[in-house]
Amino acid sequence: MRLTLNVWRQKGKDDAGGFVKYDVPDVSEHMSFLEMLDVLNQRLILKGEAPVAFDHDCREGICGMCGFMINGQAHGPLRGTTVCQLHMRHYKDGDELWLEPWRAAAFPVVRDLAVDRSAFDKIVAAGGYVSVSTGSAPDGNAIPVPKEIADRAMDAAACIGCGACVASCPNASASLFTGAKIAHLGFLPQGQPERERRALAMVAQMDLEQFGGCTLFGECQDACPKGISIDVIARMNRDYWLSALFSAPPSAGAAASG
Amino acid sequence: MSSTAPAATQRITLFYQDYVGKKVAMALSGVVLFGYVIIHMAGNLQIFAGREQLNAYAQALHANVPLLWIARIVLLLAVGIHFYTGISLAGASRAARPVRYQVKGQRHPNLAGRTMALSGLVLAAFIVFHILHLTTGTVQPAPFADLRPYDNMVNSFRVIPVAGFYVLSVCLLGLHLYHGAWSMFQSVGFNHPRYTPALRRFAAVFAFLLAIGFSVVPIAVLTGMVR
Ligand code: HEM
Ligand code: FES
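First to last, the protein sequences are chains A and B. This note's numbering applies: residue 892 is where the first sequence begins, and numbers increase by one. This note's numbering applies: residue 121 is where the second sequence begins, and numbers increase by one.
Encoded structure:
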């Protein structure tokens, strides 16, 4: 099949950027979207032009590296699918597509369709961890976790950090991502010691990174390739305000010695 | 010696600084306004019980002056917090996406949610007009008499643009609450697989009832059912 692509080309963070039209005449329905771009890039390289930059790694839908907007939709039109797992059989001959990078103040464009998502790393660094005792490995199932709780933690842990939630959110909010990380750890017994501090620190970092607030539109959960629900956002809000208002101040003894 | 534990006032300011704190402020001020509009609508509907009933109800509300002023101050605070926080959240969203998408491809139809700031701004204009019109009588599209709401409503809702603006505003109030009366629960984290879908229905039902309940009064006057 033959496609017309309008690809956002931008040399760097401070370049203005704009769409460039490409004709791709030889697309096979068996290709993935990224393989189709590989074909385009091969041709551009042979012509001596710069290939279209885009992020990718596993191409199995599990690493979270890939992602851009296709006709205004994060990862394209298919539900629960990263763009590396989107196959060209979902398109038909003559289709015209617009490819844009994730757009958010917190995600500056590196080049073309690739953006810098370090802001996510900083949110995780602020509180997305649990303390683990050193020494010999603990017994596998020493801490009982009810099945329902384990499942819900796992649902949240499915987040691959691709950024589709931010990209699709009209507020460019990182609430689904941050909520997923907080829920993933906060559901489990191992996540309890840091639970209060985690919500406060991760929400504060999210604000510092210049993400917008959440108005619960629900666009993110429809765009999420892992189908994470906005329930995690409500949970984050609850953890946040309970901790902000009621978390225990350090004991007098700790304050004196510290 | 400086302590690391924040004092109570510090906690509140720190709380409000982060966006989740702002959302809680939105929800708390929103729930006050939500409760108020329900009571307000119940009051208005007494117009169908006749002139004496409605005017007596208004006079009874005004009889207890301290209570009246407490209610007014609480409402003013709620509107002030809600307005200021709503505007600042909307501003933060704009700043979070300085370069807009050239092609839009919304997946999740959510007219009410996406127009919160717009419906809110019209409501703000409406609230100002409404107070100047039927509380203070400063704006008089028709003759105004203090504490005679039956006569004031009947006289001014005969003016078509006035009745039209009221109907439009209360429909937008319905739209605002169709999303808001559900999302306020999520903002404070009241979420449960069993109750969250029920809350959606709760919001839809109340939004609809409020839009209808408020609209019937100007419509009844316009059509001559109430005169
Ligand atoms: C003064 C004019 C008003 C403005 C400017 C305004 C603006 C807004 C905005 C922008 C939001 C969304 C905030 C966000 O999540 O980002 C919102 C939410 C809300 N509004 Fe209003 N609004 C106004 C009046 C009202 C009135 C009169 C009511 C109720 C009768 C109301 C009830 C609510 C509720 C319940 C929410 C949901 C709060 C939440 O999601 O936590 N608002 N408003
Ligand atoms: S490349 Fe790993 S998820 Fe798409």
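All C-beta atoms, glycine included, are put in the ideal place defined by N, C-alpha and C. The structure displayed is predicted, hence computed values, not measured ones.
Would you call the CB atoms of residue i and residue j closer than 8 Å?
i: A/LEU1099; j: A/TYR1131; result: no
i: A/ARG1043; j: A/PHE1078; result: yes
i: B/VAL290; j: B/SER239; result: no
i: A/ALA1017; j: A/GLN933; result: no
i: A/LEU977; j: B/ARG131; result: no
i: A/LEU937; j: A/VAL915; result: no
i: A/MET960; j: A/LEU935; result: no
i: A/HIS966; j: A/ALA1055; result: yes
i: A/GLY1052; j: A/ILE1124; result: no
i: B/ALA323; j: B/TRP302; result: yes
i: B/ARG321; j: A/ARG994; result: no
i: A/LEU894; j: A/VAL918; result: yes
i: A/VAL943; j: A/LEU931; result: yes
i: A/GLY908; j: B/LEU209; result: no
i: A/LYS1072; j: A/GLY1019; result: yes
i: A/CYS852; j: A/GLU1110; result: Within the shown structure, residues of chain A are numbered from 892 to 1149, placing residue 852 of chain A beyond reach of any answer.
i: A/VAL1036; j: A/PRO1080; result: yes
i: B/VAL287; j: B/ILE207; result: no
i: A/GLY958; j: A/THR972; result: no
i: A/ASN1128; j: B/SER213; result: no
i: B/THR205; j: B/ALA162; result: no
i: A/ALA1010; j: A/ALA1063; result: no
Rounding to the nearest angstrom, what Cα-Cα distance links residue i and residue j in this structure?
i: B/ALA178; j: B/PHE168; result: 14 Å
i: A/ARG900; j: A/LEU1004; result: 7 Å
i: A/ALA1048; j: B/VAL194; result: 43 Å
i: B/ALA262; j: A/ALA1065; result: 51 Å
i: B/MET121; j: A/ALA1139; result: Confidence at B/MET121 is low in this model, with a pLDDT of 38, below 50, so the placement of that residue should be treated as unreliable; the coordinate-derived value is given next. So the two alpha carbons sit approximately 19 Å from each other.
i: A/ILE953; j: B/VAL223; result: 27 Å
i: A/SER1027; j: A/ILE1034; result: 16 Å
i: B/THR245; j: B/ILE159; result: Residue identity differs from the one stated: residue 245 of chain B is Ala in this sequence, not Thr. Using only the alpha carbons, I get a separation of about 21 Å.
i: B/GLN137; j: A/PHE1102; result: 14 Å
i: B/PHE277; j: B/VAL337; result: 9 Å
i: A/LYS1013; j: A/ILE1119; result: 21 Å
i: A/GLU1039; j: B/ARG234; result: 34 Å
i: B/ALA128; j: B/ALA318; result: 36 Å
i: B/GLY300; j: B/TYR221; result: 26 Å
i: A/GLY1149; j: A/ARG1086; result: Confidence is the limiting factor: at A/GLY1149 the pLDDT is only 43, short of 50, which leaves the residue's position unreliable, though a coordinate-based value still follows. In a straight line, the C-alpha of A/GLY1149 is about 22 Å away from that of A/ARG1086.
i: B/GLY257; j: B/GLN166; result: 21 Å
i: B/PRO313; j: B/LEU329; result: 26 Å
i: B/ASP271; j: B/GLY294; result: 26 Å
i: B/PHE135; j: B/GLY141; result: 5 Å
i: B/HIS182; j: A/ASP1046; result: 55 Å
i: B/GLY284; j: B/LEU196; result: 25 Å
i: B/ASN275; j: B/PHE264; result: 8 Å
i: A/GLU920; j: B/LEU297; result: 46 Å
i: B/VAL279; j: B/GLY344; result: 12 Å
i: B/MET393; j: B/ILE251; result: Any property of residue 393 of chain B remains undetermined from this structure, which presents chain B solely from 121 to 347.
i: B/LEU241; j: A/VAL1006; result: 35 Å
Could you say which of the options lies nearest to residue i if we only look at CA atoms?
i: B/GLY211; options: A/GLY958, A/ALA1058, A/ASP984 and A/THR1106; result: A/THR1106
i: A/ASN962; options: B/ARG227, B/PHE322 and B/THR133; result: B/ARG227
i: A/VAL1021; options: A/ALA1074, A/ARG970 and A/GLU951; result: A/ALA1074
i: B/GLU172; options: B/GLN306, B/ARG268 and B/ALA340; result: B/ARG268
i: B/PHE326; options: B/ALA127, B/LYS143 and B/VAL157; result: B/VAL157
i: A/PRO999; options: A/PHE945, A/ASP905, A/GLY939 and A/VAL974; result: A/ASP905
i: A/ARG1002; options: A/VAL898, A/ALA1114 and A/GLN964; result: A/VAL898
i: A/ASP1122; options: B/ALA283, B/ALA147 and B/PHE305; result: B/PHE305
i: A/LEU969; options: A/ASP1113, A/ASP948, A/ARG1126 and A/ASP1007; result: A/ASP1113
i: B/LEU153; options: B/LEU174, B/VAL308, B/TYR139 and B/PHE203; result: B/PHE203
i: A/VAL1015; options: A/ARG1088, A/GLY903 and A/GLU951; result: A/ARG1088
i: B/LEU231; options: A/THR1025, A/LYS1117, A/PRO1116 and A/PHE1108; result: A/PHE1108
Going along chain A in order, which residues have a C-beta closer than 9 Å to the C-beta of residue i?
i: B/TYR139; result: SER1064, SER1066, VAL1094, MET1097, ASP1098, PHE1102, GLY1103, GLY1104 and CYS1105
i: B/LEU209; result: ASN1062, GLY1103, GLY1104 and THR1106
Give me the chain B residues within the contact set of residue i, using Cβ-Cβ distance strictly less than 7 Å, ordered along the chain.
i: A/TYR838; result: No information on residue 838 of chain A is available, as it lies outside the stretch 892 to 1149 that chain A covers here.
i: A/ALA1114; result: ARG227
Could you list which residues in chain B have their beta carbon closer than 8 Å to that of residue i, in chain order?
i: A/ASN1128; result: VAL140, LYS143, VAL144, GLN306, SER307, VAL308 and GLY309
i: A/LEU1136; result: ARG131 and PHE135
i: A/PHE1108; result: HIS228, ASN230, GLY233 and ARG234
i: A/ILE1034; result: Near A/ILE1034 there are no residues of chain B at all, since even the closest Cβ is about 24 Å away, more than 8 Å.
i: A/ASP905; result: Going along chain B, no residue has its Cβ under 8 Å from A/ASP905, so there is no contact; the nearest lies around 12 Å.
Whose Cβ in chain A lies nearer than 8 Å to the Cβ of residue i?
i: B/VAL223; result: MET960, ASN962, GLY963, TRP989 and GLU991
i: B/ALA212; result: ASN1062, GLY1103 and GLY1104
i: B/SER303; result: THR1106 and LEU1107
Strictly below 7 Å CB to CB, what residues from chain A border residue i?
i: B/PRO317; result: Those within 7 Å of B/PRO317 in chain A number zero; the least Cβ separation is about 11 Å.
Whose Cβ in chain B lies nearer than 9 Å to the Cβ of residue i?
i: A/ALA996; result: ALA215, ALA216, ARG217, PRO218 and VAL219
task = Pick out the complete beta strand (DSSP E) segments inside the segment 1025–1101 of chain A, 3 residues or longer, and give them in chain order.
result = Counting only runs of at least 3 residues, the segment 1025–1101 of chain A fully encloses no beta strand (DSSP E) element at all.
task = Go through the segment 130–185 of chain B residue by residue and report every complete run of the alpha helix (DSSP H) that reaches 4 residues or more, in order.
result = 139–164 and 171–183
Alpha helix (DSSP H) segments (min. 4 residues) lying fully within the segment 911–958 of chain A = 924–937
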